[in-house]
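Since the structure comes first, as structure tokens, the remarks are kept for the end.
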Amino acid sequence: MSRNPLAVAEPWDLVADGYAEFAAAIMQPFAARALEFVSLAPTAQIVDVAAGPGTLSLLAAEHVALVEAIDFSEPMIARLAKDAVAAGLSNIRAQVGDGQNLPFESDRFDAGFSMFGLMFFPERAKGFAELFRVLRPGGTAVVSSWAPVADSPLMRMMFDALAAADPSVQEPQANFLSLENPELFESEMRGAGFEAISIQRHSIALSFAEPEELWETMVRSSAPLELMRQSVGPEVWAERATLMREFLTERYRPHSPLSTTAYLGIGHKPLR
Ligand SMILES: C[S@@+](CC[C@H](N)C(=O)[O-])C[C@H]1O[C@@H](n2cnc3c(N)ncnc32)[C@H](O)[C@@H]1O
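Taken in order, the sequence shown gives residues 3 to 274; the numbers are from our numbering.
The following block contains the structure:
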């Protein structure tokens, strides 16, 4: 079993609405990039695994016949369903479930995605194998994972703010046993049966009108921060929040761009 605290639904349940509202600016450009790697006919059916509030599902639904979205966080799926209705999209089917055990028949989907979701699975191999299984022969999968924090000034700013409030927090070191390692990423996709795999780096830059906007984005959408808030109780949290805001006010120059980088793994299910 993984000890990653983000491998269970609870922290995601707690941030679902804030994530939908504040993380979109960070996550959506990666979903848009993932969709560029797949040519989708208007008749296509796709699956979005660990869909969250539908960052990719909502973008894709305008171009395909059907999106099956699945996530183990009930509030994330509720948010997705609400936003699909608000956008007038009736071709998204959203359900609660585990990405390591997909409730779909084999050989069905033209494309499958897991954006910043499969990376958290305790059994990543099962996640890749399930994604492979449900694709039709010739179908394409795109999976994304963050590059090491050291490569992402936006992530570093957030971890440095956390460390300013709690010196026991350290900037995560590159983990070569995770999908931060593009060679491992490729070999895990190959192990699941994918062919013609390519691991692409993609960066985006975001800027904020003021440090407070960056703080708001962090505090409303970040599951690790929510875990900290829960574990320390209201008084300690209030002190830490003050320290983090002071840190951001001192370090972040309004409108300056902060980049963040991810790897996108693209693989194809062989034609029989
Ligand atoms: C960082 S969010 C990504 C959401 C969305 N794909 C996006 O790009 O914005 C990670 C999502 O993975 C989901 N997740 C993590 N482990 C999961 C699992 N084993 N099965 C289904 N969903 C999972 C979480 O509930 C959360 O919604």
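We treat Cβ as the ideally placed atom computed from N, Cα and C, and that holds for glycine. A quick note: this is a predicted structure, and the numbers were derived from the prediction, not measured.
Look at the region 177-229 and you find these whole runs of alpha helix (DSSP H), each 4 residues long or longer: 184-194 and 213-223.
In this structure, L133 is the residue among A36, L133 and D19 with its C-alpha nearest to the C-alpha of G193.
In this structure L8 does not touch A53 by the C-beta definition: roughly 16 Å separates them, more than the 8 Å allowed. Of the residues assessed, G235 falls on the exposed side of the cut-off, its CB having fewer than 16 other CB atoms within 10 angstroms. Q97 counts as exposed, since fewer than 16 other C-beta atoms from the protein chains shown sit within 10 angstroms of its C-beta.
About 5 Å separates the Cβ atoms of V136 and F111, confirming a contact at the 8 Å cut-off. With a cut-off of 8 Å on Cβ pairs, the region 245-260 is not in contact with the region 183-191, counting fewer than three such pairs. A166 is a Cβ neighbour of F249, given a cutoff of 8 Å.
Secondary structure at D109: coil, using DSSP grouped into helix, strand and coil. When C-alpha distances from R222 are compared across A80, R274 and A26, the shortest belongs to A26.
In the DSSP assignment, A264 falls within the beta strand (DSSP E) that extends over L260 to H270.
The Cβ-Cβ distance between A225 and P13 falls below 8 Å. Rounded to the nearest angstrom, the gap between the Cα atoms of E125 and Q102 is 7 Å.
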